[in-house]
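Beneath this line is the structure, given in structure tokens, with notes to follow.
Chains as they are written, first to last, in the UniProt record's numbering: chain B, 1 to 238; chain V, 1 to 238.
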């Protein structure tokens, strides 16, 4: 039986051997929720960057540019890290490529590329992620982006939710991290939004922008779409 | 109000600034439980080593030597990592110093020395730890030894238990790690032993020695004793 493990921080990734495995990169607030939303809104592909400058330079190649630092949209970019940037119609996004850089999410993604397959997870596309991992049938690791390297609750809860969906076909008890995430998910599931609002970190992010990002990002199974890594970019899996 | 934070792995310690804070080092199974037990049994002081050779060499200076690697007593040492080594009367320990090296615990200890005060925590001396942290009245960080750098359940639950004891006087909600540990402790508390035996890692350790180490280490508040770091060694706090 393949196993599902959870890595709580990119800083711990060197302890995990991703070779031959599926990596599910998650940054619920808000990078991976926004990536799912962007591809669903007709963005053709997304190229992640670690550095602001390299990301901004992609504008010259016709890309939309999206950048977030410490929860705020960075200056000189078309978009921030809000999923509503792809939904509000202010900027036409259909048919465009997007170059993106965020505090935590793009780092987690770059560090996960040793895996056989790298996909992007959010509550929005939880069912699609579970289906893909089940179909692959190999060991999987949820890579939590965390917050500047630290453990965070929302990414962990995604790991617990995925473990619950896969528990019949995957070993979800051999890793203490997966066990803990499942237990936390059991507590949170009846009211995910209220549970997460206990977190000072979540409340801080929530206050940064006067919009509905948080309530949007904690919805389950709204998007039947799986962003997958192919040749240096994220595209919607066929 | 001072804060209580929890660091789930020594690998994450570079993200925490321990200066001016109290560090509570915890390795429930079994290093810190054994250290509490040893000092209670009359061991005068304990010197931790990272390397087997340096630890073994202390025999020449009259020290008892204790070493564990991957859960087993290392060859050529007086003691392993079992608290019963200090209790079974086979080896007289009263009045002796002990040189110790373990897979996870001594590493966590060495990495914590930037803190203002470094103490050793276990379920056995939870009340003594809580009292000390309360008296110090400054920010505190629980440093979980983990298992080879990875998250483990038993050290995390100690952090949750300490947070519960201190929640009236300390901020235990600003850190997602502390929040998660408190929630897990709430689930585990009614039957800590059964809860921990879900963990494959705990069961593996539990099977390594045909003794009662596990049941011993999950007892609460049995020892009113606080190991504290003073001039390169752990002694019982006066």
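Ideal Cβ placement from N, Cα and C applies to all residues, glycine included.
Next on the checklist: Does residue 43 of chain V come out as helix, strand or coil in the three-state DSSP assignment?
Outcome noted: For the purposes of this step, residue 43 of chain V is taken as residue 43 along the second chain, with counting starting at 1. Three-state result, residue 43 of chain V: coil.
| N-terminal and C-terminal residue of the alpha helix (DSSP H) that residue 185 of chain B is part of | One-based indexing of the first chain puts residue 185 of chain B at position 185. Where residue 185 of chain B is concerned, the enclosing alpha helix (DSSP H) starts and stops at 176–188.
On the three-pair Cβ rule with 8 Å, is the stretch 89–107 of chain B touching the stretch 210–225 of chain B?
The stretch 89–107 of chain B is not in contact with the stretch 210–225 of chain B.
| request: Pick helix, strand or coil for residue 1 of chain B, following the three-state DSSP scheme. | output: Reading the first chain from its first residue, position 1 is the one you call residue 1 of chain B. In the three-state DSSP reduction, residue 1 of chain B falls in the coil class, being neither helix nor strand.
Between V/35, V/50, V/49, which lies nearest to residue 43 of chain V when the distance is taken from Cα to Cα? To locate residue 43 of chain V, count along the second chain from 1; it is residue 43. For residue 43 of chain V, the closest alpha carbon among the candidates V/35, V/50, V/49 is that of V/35.
Counting only C-beta atoms, is residue 149 of chain V closer than 8 Å to chain B at any point?
To locate residue 149 of chain V, count along the second chain from 1; it is residue 149. Interface annotation, residue 149 of chain V: in contact with chain B, CB-CB separation under 8 Å.
Under three-state DSSP, which class holds residue 153 of chain V? Numbered from 1 along the second chain, position 153 holds the residue referred to as residue 153 of chain V. Three-state DSSP puts residue 153 of chain V in a helix.
Contact belief for residue 143 of chain B with residue 13 of chain B at Cβ below 8 Å, rounded distance in angstroms: For the purposes of this step, residue 143 of chain B is taken as residue 143 along the first chain, with counting starting at 1. For the purposes of this step, residue 13 of chain B is taken as residue 13 along the first chain, with counting starting at 1. With 8 Å as the limit, residue 143 of chain B and residue 13 of chain B qualify as a contact, their Cβ atoms being about 7 Å apart.
Just verifying my parser: in three-state terms, what is the DSSP assignment at residue 19 of chain V? For the purposes of this step, residue 19 of chain V is taken as the residue at position 19 of the second chain. Shown here, residue 19 of chain V sits in coil according to DSSP, grouped into three states, outside any helix or strand.
Quick one, which residues of the stretch 173–203 of chain B are near chain V if we go by CB-CB under 7 Å, in chain order?
-> Listed by position along the chain: 173, 174, 176, 177, 179, 180, 183, 184, 187, 198, 199, 200, 201.
- prompt: In terms of DSSP beta bridges, what is residue 318 of chain B paired with?
  reply: This structure cannot speak to residue 318 of chain B, because chain B is shown only from 1 to 238.
Notebook entry, point to check: Mind checking residue 10 of chain V: buried by the 16 CB within 10 Å criterion, or exposed?
Noted result: Position 10 of the second chain, counted from the first residue, corresponds to residue 10 of chain V. Per the 10 Å Cβ criterion, buried.
(request) Flag this pair as yes or no: are the beta carbons of residue 160 of chain B and residue 184 of chain B separated by less than 8 Å? (result) Walking along the first chain from the start, residue 160 of chain B turns up at place 160. Walking along the first chain from the start, residue 184 of chain B turns up at place 184. In this structure, residue 184 of chain B lies closer than 8 Å to residue 160 of chain B by Cβ.
Report task. Spatial neighbours of residue 52 of chain V within its chain, please: CB distance less than 7 Å, with the 5 preceding and 5 following residues excluded, ordered by chain position. Result -> Stepping through the second chain from its first residue, residue 52 of chain V is reached at position 52. Annotation for residue 52 of chain V: 67, 74, 101 place their beta carbon closer than 7 Å to its own, counting only its chain and skipping 5 residues before and after.
Q) Is it right to say residue 26 of chain B is buried, meaning 16 or more other beta carbons lie within 10 angstroms of its own, or is it exposed? A) Here the question's residue 26 of chain B lines up with position 26 in the first chain. Classification of residue 26 of chain B: buried, given that the 10 Å Cβ count is 16 or more.
Per-residue burial, residue 231 of chain V [other beta carbons within 10 Å of its own, 16 or more giving buried]:
The residue labelled residue 231 of chain V in the question sits at position 231 within the second chain. That one is exposed.
Item to check | Classification of residue 70 of chain V by the beta-carbon crowding that lies within 10 angstroms, buried from 16 upward | outcome: By 1-based counting over the second chain, the position of residue 70 of chain V is 70. By the Cβ neighbour-count rule, residue 70 of chain V is exposed, with fewer than 16 other Cβ atoms within 10 Å of its own.
Which residues in chain V have a C-beta closer than 8 Å to the C-beta of residue 152 of chain B? List them in chain order. Here residue 152 of chain B refers to the residue found at position 152 of the first chain. Those within 8 Å of residue 152 of chain B in chain V are 176.
Is residue 210 of chain B buried or exposed, if buried means 16 or more other CB atoms sit within 10 Å of its CB? For the purposes of this step, residue 210 of chain B is taken as residue 210 along the first chain, with counting starting at 1. Note that residue 210 of chain B has pLDDT 45, beneath the 50 cutoff, so the model's placement of it is unreliable and the number below is only indicative. An exposed status is given to residue 210 of chain B, since fewer than 16 other beta-carbon atoms sit within 10 Å of its beta-carbon.
Mapping the DSSP letters down to three states, classify residue 12 of chain B as helix, strand or coil. Residue mapping note: residue 12 of chain B aligns to position 12 of the first chain, counting from 1. Residue 12 of chain B sits in a helix when the DSSP states are folded into three classes.
Tell me which residues of the stretch 6–34 of chain B have at least one Cβ-Cβ distance to chain V shorter than 7 Å, keeping chain order. Of all residues in the stretch 6–34 of chain B, 8, 9, 11, 12, 15 have a Cβ within less than 7 Å of some Cβ in chain V.
| request: Assuming residue 141 of chain V contacts residue 21 of chain V (C-beta within less than 8 Å), just tell me the rounded distance between them. | output: Sequence index remark: in the second chain, residue 141 of chain V carries index 141 (1-based). Sequence index remark: in the second chain, residue 21 of chain V carries index 21 (1-based). Right, the Cβ-Cβ distance comes to about 6 Å (below 8 Å), so this counts as a contact.
Rounded Cβ spacing between residue 110 of chain B and residue 190 of chain B (contact assumed at less than 8 Å): Here residue 110 of chain B refers to the residue found at position 110 of the first chain. Here residue 190 of chain B refers to the residue found at position 190 of the first chain. Approximately 35 Å separates the beta-carbon atoms of residue 110 of chain B and residue 190 of chain B; this is outside 8 Å, ruling out the contact.
8 Å CB neighbourhood of residue 201 of chain V in its chain, flanking five on each side removed: Walking along the second chain from the start, residue 201 of chain V turns up at place 201. Within the same chain, residue 201 of chain V has close Cβ partners 147, 152, 153.
- prompt: To the nearest angstrom, how far is it from the Cα of residue 155 of chain V to the Cα of residue 176 of chain B?
  reply: Locating residue 155 of chain V in the second chain gives position 155, where the first residue counts as 1. Locating residue 176 of chain B in the first chain gives position 176, where the first residue counts as 1. If I take the Cα positions, the gap works out to 11 Å.
Exercise. Just reading off the alpha helix (DSSP H) that residue 64 of chain B is part of, what are its end residues?
Worked result: Residue 64 of chain B sits at position 64 when you count from the first residue of the first chain. First-last for residue 64 of chain B: 64–69, but that is the beta strand (DSSP E), not the alpha helix (DSSP H).
query: Does any CB atom of chain V fall closer than 8 Å to the CB of residue 210 of chain B?
result: Residue numbering aside, residue 210 of chain B sits at position 210 when the first chain is read from its first letter. In this prediction, residue 210 of chain B has a pLDDT of 45, which is less than 50 and means its spatial position is unreliable; nothing more can be read from the coordinates.
Interface flag, residue 230 of chain B vs chain V, CB-CB below 8 Å:
Against the first chain, residue 230 of chain B aligns to sequence position 230. It does not: the Cβ of residue 230 of chain B has no partner Cβ on chain V nearer than 8 Å.
**Message:** If you reduce the DSSP assignment to three classes, tell me which class residue 56 of chain V lands in.
**Reply:** If you number the second chain from 1, residue 56 of chain V lands on position 56. DSSP places residue 56 of chain V in helix when its eight states are reduced to three.
query: Which partner residues does residue 165 of chain B have in the DSSP bridge list?
result: Here residue 165 of chain B refers to the residue found at position 165 of the first chain. Its beta-bridge partners do not exist; DSSP assigns none.
Classify residue 89 of chain V as buried or exposed, calling it buried when 16 or more other Cβ atoms lie within 10 Å of its own Cβ.
-> Taking the second chain and counting its residues from 1, one reaches residue 89 of chain V at position 89. So residue 89 of chain V counts as exposed.
Q. Which of the residues in the stretch 155–171 of chain B, read from start to end, lie with their CB under 8 Å from any CB of chain V?
A. Taking 8 Å as the Cβ-Cβ cut-off, the stretch 155–171 of chain B approaches chain V at 156, given in chain order.
Discussion item. If contacts are defined as beta-carbon pairs under 8 Å, then residue 165 of chain V and residue 130 of chain V qualify, I think. What distance do you get, rounded to the angstrom?
Written reply: Sequence index remark: in the second chain, residue 165 of chain V carries index 165 (1-based). Sequence index remark: in the second chain, residue 130 of chain V carries index 130 (1-based). Contact between residue 165 of chain V and residue 130 of chain V holds: their C-beta atoms lie close to 4 Å from each other, under 8 Å.
- Query: Since residue 87 of chain B contacts residue 41 of chain B with CB under 8 Å, what's their CB separation in whole angstroms?
  - Reply: As a first step, residue 87 of chain B is located in the first chain; it is residue number 87 there, counting from the start. As a first step, residue 41 of chain B is located in the first chain; it is residue number 41 there, counting from the start. In this structure residue 87 of chain B is in contact with residue 41 of chain B, their Cβ atoms being roughly 6 Å apart against a cut-off of 8 Å.
Have a look at residue 38 of chain B and residue 207 of chain V and give me their C-alpha separation to the nearest angstrom.
-> One-based indexing of the first chain puts residue 38 of chain B at position 38. One-based indexing of the second chain puts residue 207 of chain V at position 207. C-alpha separation (whole angstroms): 50 Å.
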